[in-house]
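The structure appears below as structure tokens.
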Amino acid sequence: MRSLFWRVLASFWLAITLVAGLSILLGHMLNQDAWILSRHPGLHKLPEKWTQLYESQGEDAAQDYLQDLKRRYHIDVQVLNDSGEAVVRGTFPPRAAAFEARQHDDPQQLPWRRLTTEYTSPKTNETYLLIYRIPHPELDAWHRQSLLWPLSALGIALVVLTLFSLLVTLSITRPLSRLRSAVHDLGQTTYQQNSLAQLAGRRDEFGVLANDFNRMGARLQSLIGSQRQLLRDVSHELRSPLARLRIALALAERAETAEREKLWPRLIRECDRLEALIGEILALARLDADVGNAEQIDLSDLLEHLKADTEQSSTDQTVQVEVNPDLKLLGWPNVLERALDNLLRNALRFNPSGTPIELCASRAGELMRISVRDHGPGVAPEHLAQLGEPFYRAPGQTAPGYGLGLAIAKRAAEKHGGNLILENHPQGGFVASLELPVSAPH
215 MRSLFWRVLA
225 SFWLAITLVA
235 GLSILLGHML
245 NQDAWILSRH
255 PGLHKLPEKW
265 TQLYESQGED
275 AAQDYLQDLK
285 RRYHIDVQVL
295 NDSGEAVVRG
305 TFPPRAAAFE
315 ARQHDDPQQL
325 PWRRLTTEYT
335 SPKTNETYLL
345 IYRIPHPELD
355 AWHRQSLLWP
365 LSALGIALVV
375 LTLFSLLVTL
385 SITRPLSRLR
395 SAVHDLGQTT
405 YQQNSLAQLA
415 GRRDEFGVLA
425 NDFNRMGARL
435 QSLIGSQRQL
445 LRDVSHELRS
455 PLARLRIALA
465 LAERAETAER
475 EKLWPRLIRE
485 CDRLEALIGE
495 ILALARLDAD
505 VGNAEQIDLS
515 DLLEHLKADT
525 EQSSTDQTVQ
535 VEVNPDLKLL
545 GWPNVLERAL
555 DNLLRNALRF
565 NPSGTPIELC
575 ASRAGELMRI
585 SVRDHGPGVA
595 PEHLAQLGEP
605 FYRAPGQTAP
615 GYGLGLAIAK
625 RAAEKHGGNL
635 ILENHPQGGF
645 VASLELPVSA
655 PH
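According to this note's numbering, the residues represented by the sequence shown are 215 to 656, in order.
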């Protein structure tokens, strides 16, 4: 991963290196004596070279070396020993020495710059004092030339740092601008999943963020679409009982007293249907709300409780429970109970009398599977994929219902981070299973 962290870190290190280099350069410039002695081509390592020549070849060779330095760089050199006596004649004229002595109180008036350095011979341990006098024109010309390379290096470093900082800045601001635009589109419900496709292809933090944002956007769009579809379906489903109520009320207004008495049960029945439908819709909506913290669910107790309620509501149906008494599940008991209750009620509509409904729970690794099987006619394979959508009922189904029971069970499974699996049993009947992780999602 080309981490954005390392890019920013590299920029800071480059800036620190540049500042350090500039500080060193300024330090040398402030201490110009050391700068001249170490950088001037005529003075660089001059004491070592002169001492080696003097000790190996004598005074004449050493004096010739100083004369050559005078011709090439216009630098006068004196070499004194510990006693202050001249070791060689040197190149500094006596008249110039007398003039310098007269200007002792005001060295700024001298036409040259005076530098000194000491050197101890490693061979003889003799210490020499070397005095250099560099004319100001020569020194100014060298300064211009000597400062050219550090200033050039500084300029190049500034250009490189500027370009690198620009690239890092653009690599941060451009993705942020795209994400801001995507957030705006998401707020306006006009978000397109391919709008961050290029950004999602990056192999850094922004790529990870874009992928997460795409998944979030897809999920939100799916929820918005499902809510819109639910509203359309609700409005459609509510029209039928309301229309029947209006018709019954209109008939009651015009009917005689005896006929009106016969219409009251019909009105009550339509009101009950409408109340049941609204209750199912509210139950479906509540599954998306906060239901508190997850807790340990004893599946054995829960399934036995559902078995008792189901058998109590139906006199000719029985429920056969198969569950390990030690099975536990982390989740929301009310949500899971409502889902399984809807699956059992759905099974009651199609299961023939005399054959028990099978309610089973088993664990495989980190997944818990709770299934409800009836022995009815099952569902045509082409309709299995659409079961679980709100208000969808398979064609030819005559049992009462609004198509919300499986939708509630599906939402409950998703609430637990699992799935609702619907299939026909190989030996006949229909199986609805909740496949849930043992640990509830955060």
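Note that CB positions come from ideal geometry on N, CA and C, so glycine has one too.
Shown here for Glu269: same chain residues with a beta carbon closer than 7 Å to its own, the five before and five after excluded, namely Ser335, Lys337 and Thr338 in chain order. For Arg417, the secondary structure class from DSSP, reduced to helix, strand or coil, is coil. For Ala522, the number of other beta carbons within 10 angstroms of its own is below 16, and it is reported as exposed. Boundaries for Arg303: no alpha helix (DSSP H) harbours it, and the DSSP string shows neither H nor E there. Counting C-beta atoms within 10 angstroms of its own C-beta, Thr383 has fewer than 16 neighbours from the protein chains shown and is therefore classed as exposed. In the DSSP assignment, Leu650 falls within the unbroken beta strand (DSSP E) covering Phe644 to Pro651. Following the DSSP letters along the chain, one finds Leu620 in no beta strand (DSSP E) but inside the alpha helix (DSSP H) bounded by residues Gly619 to Lys629. In its chain, beyond the 5 residues on either side, Leu459, Ala462, Leu463 and Ala466 have a beta carbon closer than 8 Å to the beta carbon of Leu481.
Taking a 10 Å sphere around the C-beta of Ala627, we find 16 or more other C-beta atoms and assign the residue as buried.
Here DSSP, grouped into helix, strand and coil, assigns Leu257 to coil. Straight across, the Cα-Cα distance linking Asp530 with Ala396 is about 57 Å. Excluding residues up to 5 positions away in sequence, Asn638, His639, Gly642, Gly643 and Phe644 lie with their Cβ nearer than 8 Å to the Cβ of Gly592 in the same chain. Here the region 346–355 makes no contact with the region 371–389; the two share fewer than three CB pairs at distances below 8 Å. Taking C-alpha positions only, Leu294 is separated from Ser379 by approximately 55 Å. When secondary structure is reduced to three states using DSSP, Thr524 falls in the helix class. Looking from the CA of Trp249, the closest CA among Leu496, Leu228, Leu329 and Val291 belongs to Leu329. Asn565 sits buried, since 16 or more C-beta atoms from the chains shown fall within 10 Å of its C-beta.
When C-alpha distances from Val586 are compared across Leu477, Pro595 and Ala623, the shortest belongs to Ala623. Checking the DSSP bridge columns, you'll see Ile571 partnered with Val533.
The closest CA to that of Val302, considering only Ala310, Glu473 and Val291, is found on Val291. A contact between stretches requires three or more CB pairs, one per stretch, nearer than 8 Å, and the region 596–604 fails this requirement with the region 577–584.
Take the alpha-carbon of Cys574 and the one of Pro539: they are about 12 Å apart.
DSSP places Asn295 in the coil class of the three-state scheme, outside both helix and strand. Secondary structure note for Glu273: it is in no beta strand (DSSP E), and the uninterrupted alpha helix (DSSP H) holding it is Glu273 to Tyr287.
For Arg468, there are no CB contacts under 8 Å within the same chain when 5 residues up- and downstream are skipped. Taking C-beta atoms under 8 Å as the contact rule, Glu551 and Leu520 qualify, at a distance of about 7 Å. Ranked by how close their Cα comes to the Cα of Ser567, the residues Leu558, Asn548, Val549 and His589 have His589 in first place. Around the beta carbon of Glu572, 16 or more other beta carbons sit within 10 angstroms, so the residue counts as buried. Bridge pairing for Met582: Arg577 and Leu650 [DSSP]. Judged by DSSP in its simplified three-state form, Lys542 adopts strand.
Cβ contact annotation for Leu562 (same chain, cutoff 6 Å, sequence separation greater than five): Ser528 and Gln531, in chain order.
Counting the other Cβ atoms within 10 Å of the Cβ of Val533 gives 16 or more, which makes it buried. With a threshold of 16 other beta carbon atoms within 10 Å, His258 falls short and is exposed. For Thr231, there are no CB contacts under 7 Å within the same chain when 5 residues up- and downstream are skipped. For Pro349, the uninterrupted beta strand (DSSP E) run begins and ends at Thr341 to Pro349, by DSSP. Here Lys263 is exposed, its C-beta having fewer than 16 other C-beta atoms within 10 Å.
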